[in-house]
Amino acid sequence: MEVKLANVSDAGIIHELMIKAFMEYKDEVPPSNALDETVDSISTSLKNNEMALITYIDKKPVGMVRFKLKEDGLYFFRLSVIPEKQGQGIAKKIVKSLEEYAKHKEVPKLLCKVRMTVPKNIKLYSSIGFSIYNEEIVHKSEGINIKVVSMLKHIGGKPCESSL
40 MEVKLANVSD AGIIHELMIK AFMEYKDEVP PSNALDETVD SISTSLKNNE MALITYIDKK
100 PVGMVRFKLK EDGLYFFRLS VIPEKQGQGI AKKIVKSLEE YAKHKEVPKL LCKVRMTVPK
160 NIKLYSSIGF SIYNEEIVHK SEGINIKVVS MLKHIGGKPC ESSL
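Residue numbers are given in my numbering: position 98 of the sequence shown equals residue 137, and the series is strictly consecutive.
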């Protein structure tokens with residue numbers, strides 16, 4: 040398994056991996072915004088300081104994550120593993136690679152948001168040292184509200200604080 044930092048030219052691969060992974064959420068209310076993204080929108084984001092890691096097995100892309108370096112830490116999102124490769128530790132390997140990148144950049148913590156309707160993802164992140172530090176309701180169009188938790192992991196084994 041190999042994890043590589045993506046280039047703008049990898050937007051098509053990122054899009055394909057993300058759509059395959061997020062199709063399982065197409066019936067959520069509302070469906071994930073990930074399903075509305077395009078190769079062009081991802082390419083534009085990558086040109087505007089967003090970054091991504093792509094995971095390969097036998098030179099075939101199987102997973103990815105997008106992220107941004109912010110003042111308070113490395114914020115990641117759209118972690119995606121293609122359905123036929125889920126449950127094999129790929130997501131954990133991707134997060135471990137994010138940790139290594141953050142340590143290299145001297146970033147103190149990893150941050151993400153997870154829908155409360157997807158407890159398997161909360162469990163995944165909790166199993167690798169993330170803690171919930173906030174719960175909120177995201178207000179979408181047409182009066183739809185999404186309950187999300189914000190999770191963090193301090194790099195280097197520092198104890199998690201109750202707030203940022």
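Using N, Cα and C, we set each Cβ at its ideal position, and we do this for glycine too.
Beta-bridge pairing of residue i - partner residues as DSSP gives them
i	result
residue 174	188
residue 42	94
Bounding residues of the alpha helix (DSSP H) (the contiguous stretch that carries residue i)
i	result
residue 140	129 to 143
residue 162	158 to 166
residue 57	50 to 61
residue 68	From DSSP, residue 68 is part of no alpha helix (DSSP H); its letter is neither H nor E.
Residue i burial status per 10 Å Cβ neighbour count (16 or more: buried)
i	result
residue 124	buried
residue 120	buried
Span of the beta strand (DSSP E) around residue i
i	result
residue 91	90 to 96
residue 112	112 to 120
Alpha carbon of residue i to alpha carbon of residue j, nearest angstrom
i	j	result
residue 51	residue 44	14 Å
residue 152	residue 189	4 Å
residue 174	residue 47	33 Å
residue 63	residue 71	10 Å
residue 167	residue 89	24 Å
residue 187	residue 154	4 Å
residue 122	residue 102	10 Å
Beta carbon of residue i nearer than 9 Å to that of residue j
i	j	result
residue 109	residue 163	no
residue 73	residue 96	no
residue 85	residue 104	no
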